[in-house]
Amino acid sequence: MQFNSFSDFINMGGYGFYVWLSFGATALILTLLLISSKAGHQQIIHQIAKRKQREDKLRQARELRKQQHEHRNKELNN
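Taking numbering that gives the first Met the number 0, the leading residue of the sequence shown gets 0, the next gets one more, and so forth.
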């Protein structure tokens, strides 16, 4: 389709309102999808970091208990 002027291009043969509305709606939806995806990604990264901290704490507690148990066994054997 060829247009004689910029105004004809914007008007799109009388369907400009629907054409530009659909473009605008699509741009809005894609922008919202992008924002939502980024927020979800950040939330998952945060959850992974918290989980790693909990696992590290549990690992340290287990190691400490193991060392205390070994120390008690040494004292009992002496």
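Glycine is no exception: its CB is placed at the ideal position from the N, C-alpha and C atoms.
Three-way DSSP call (helix, strand, coil) for residue i in this model
{"i": "Q66", "result": "helix"}
{"i": "F16", "result": "helix"}
{"i": "Q59", "result": "helix"}
{"i": "F2", "result": "coil"}
Start and end residues, alpha helix (DSSP H) containing residue i
{"i": "F78", "result": "Past the boundaries of the shown model lies residue 78; the chain is included only from 0 to 77, so the question cannot be answered."}
Cβ distance (whole Å) where residue i is taken to contact residue j below 8 Å
{"i": "F8", "j": "F2", "result": "4 Å"}
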